[in-house]
Every structure is written in C-alpha cells, then in structure tokens.
Amino acid sequence: GALAHSDAGVRCLAVFAIEEVAPGDEDVALELFDRVGLDPSPDVRCAALHAVSAMSARASPEALACCVDGCQDPSEAVRRAAVEGLTRLSRKGDRGAVAAGVRLLQDPSPSVRLGAMGT
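Each number in my numbering corresponds to the 1-based position in the sequence shown with 386 added.
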C-alpha cells in the first residue's frame, strides 16, 4: 500500500489521508504510528506524530509515549513535531505531556526549546 511506497512524499500523503478519514480514532492512529513511526524519512515520522496526537480524542498513555519517544529523534524536525504533539495532548488534559515538555527545555535546538515552552 501507500504507507510502504518507495517515495516518502507518497507515504506522507497516505498518513495525512488516514488522518482525514479517521479523525478521533486513536486505535487507527496508534496502528498507523506502529507502521511508520520509525520510517527512514523524517517527514514521514513528523506526519505520524501529528496524526497520533491529532487523532487521539484524549491524551492516552500510548499517544503520549509516541510523542515522548519522538523527542529523542535525531532529526530536529521530528523533535519539533513531537513537541507540537505534546502540546496538543497537554490541551487534552495530560499532565505527562507537560512534564515531557519541560524536559525538552534542555534540547540543543532553539526551535525545539521554544516549542517546549508552549506545553
């Protein structure tokens, strides 16, 4: 399927399409993250983090774990996406997201630290 396509752009579009057709379906989001959360492309990993945090109707421990793991990614863009995901989850009432965001205030990237201040 499209999630296994050789072109990262196609994989990103597949993630966005799934997010659009299954809003609020955390089970689908977590299954999607399991399939592409470790994709070789940082863009696909960013899309997966966005999907899992946006599709989670509540801030579940599983969704939080996906974003916390993303905070350790070697890609600055993925770490920023993880921070944005933590921010979305914190707005859904997850105090663990706030604690994870506080740890990111020590990230070497200024943009990641700035994003962490929003959690």
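All C-beta atoms in this analysis are idealised placements derived from N, C-alpha and C, irrespective of residue type, glycine included.
Predicted, not measured: the structure shown is a model, and the values here were computed from it.
Quick check on the DSSP output: the alpha helix (DSSP H) that includes residue i runs from which residue to which?
i, result
"Arg444", "It is not in any alpha helix (DSSP H) - Arg444 carries neither H nor E in the DSSP assignment."
"Ser476", "Glu462 to Arg477"
"Cys398", "Ala394 to Val407"
"Asp425", "No alpha helix (DSSP H) holds Asp425; DSSP gives it neither H nor E."
Leaving out five residues on either side along the sequence, give the residues of the same chain with a beta carbon under 8 Å from the beta carbon of residue i.
i, result
"Leu517", "With the chain covering 387 to 505 only, the question about residue 517 has no answer from this structure."
"Asp459", "Pro428, Arg431, Arg465 and Ala468"
Let me confirm a value: residue i is counted as buried when at least 16 other C-beta atoms fall within 10 Å, else exposed. Which label applies?
i, result
"Phe419", "buried"
"Gly456", "buried"
"Arg397", "buried"
"Ser442", "buried"
What number of angstroms, rounded off, separates the C-alpha of residue i from the C-alpha of residue j?
i, j, result
"Cys432", "Pro409", "17 Å"
"Ala440", "Leu475", "8 Å"
"Val401", "Pro496", "28 Å"
"Val422", "Lys478", "24 Å"
"Pro494", "Ala463", "13 Å"
"Ala390", "Glu406", "19 Å"
For residue i, collect the residues of the same chain with a Cβ closer than 6 Å to its Cβ; drop the 5 residues on either side in sequence, then sort them by chain order.
i, result
"Ile404", "Leu418"
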